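Residue numbers for the sequence shown follow my numbering, so the first one is 132 and each next one is one higher. Heads up, the beta-carbon is just placed ideally off N, CA and C, and yes, glycines get one too. From a predicted model like this one, the values you see are computed outputs, not experimental measurements. Report on the structure given below.
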Amino acid sequence: MIRRLHVAAALTAFLAILTFWLSTVSIELLGTESQIALIKEAIAFGLFLLVPALAVAGATGAYMGRGTTDQRILAKKHRMPFIAGNGILILVPAVIYLDRLASRGDFGTTFVTVQSIELVAGLVNLALMSLNIRDGMRLAGHAGA
Ligand code: HEM
């Protein structure tokens, strides 16, 4: 039960960041300014899914791995503060700020700078979460993982 919750929350968080990232890049390359503003607003609402999912993934993981000496679990545990910190200190403020700027049609230097930081922070979290998924699947004994 806890493990199912862990996997569901972890994959929800991973897919949310992936969706935010891909929709941002594609709309900013191909879309109009009003479409960009719409996507930025949708991503801001998406935080209501991402933040709890990340918290549940971390809490259930910590619960399952309590008292462990297994290196793969410890590696996952050590990555979690970076995933959470990156999310709370960079992604969340960036998403909210970009939504504000886009909603008033301000796509100047500040938008581009914050957008670049957000994309890099998103990629870092996707990479760290991919490592946690890989280690999680190995722990669960999934062949080939
Ligand atoms: C956002 C971060 C995380 C992601 C994306 C993630 C992802 C996953 C995935 C995909 C599995 C596979 C389960 C399966 O295939 O059945 C798993 C299992 C597991 N995870 Fe995580 N995880 C994260 C954080 C953590 C943390 C912080 C810990 C511990 C401190 C942890 C501990 C575990 C353990 C112990 C299992 C194996 C459960 C078993 O024995 O089957 N995870 N995780």
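Contact set for residue i: own chain, Cβ-Cβ below 8 Å, skip 5 residues either direction
i, result
"residue 164", "233, 236, 238"
"residue 185", "140, 144, 214, 215, 218"
"residue 136", "187, 191"
Whole-number beta carbon distance between residue j and residue i, since they are thought to touch under 8 Å
i, j, result
"residue 182", "residue 223", "7 Å"
Distance between residue j and residue i (C-alpha atoms, nearest Å)
i, j, result
"residue 219", "residue 253", "12 Å"
"residue 197", "residue 134", "13 Å"
"residue 166", "residue 158", "7 Å"
"residue 273", "residue 187", "22 Å"
"residue 267", "residue 210", "13 Å"
"residue 200", "residue 261", "22 Å"
"residue 265", "residue 248", "26 Å"
"residue 251", "residue 221", "10 Å"
"residue 263", "residue 202", "12 Å"
"residue 132", "residue 271", "14 Å"
"residue 171", "residue 189", "26 Å"
"residue 156", "residue 162", "10 Å"
"residue 169", "residue 269", "39 Å"
"residue 173", "residue 160", "17 Å"
Cβ shell of residue i (< 7 Å), same chain only, five flanking positions each side left out
i, result
"residue 175", "226, 227, 230"
"residue 178", "223, 226"
"residue 246", "229"
Cβ neighbours of residue i in the same chain (closer than 6 Å, five flanking residues each side left out)
i, result
"residue 180", "147"
Problem - Inter-stretch contact (C-beta, 8 Å, three-pair minimum) for the stretch 241-249 and the stretch 199-215 - result: no
Practice task
Would you check if the stretch 202-211 and the stretch 135-153 touch, i.e. whether three or more CB-CB distances between them fall below 8 Å?
Solution key: no
Handout entry: At least 3 beta-carbon pairs within less than 8 Å: the stretch 222-240 vs the stretch 189-196
Key = no
Problem - Touch test, the stretch 255-263 against the stretch 148-157, Cβ-Cβ under 8 Å, three pairs minimum - result: yes
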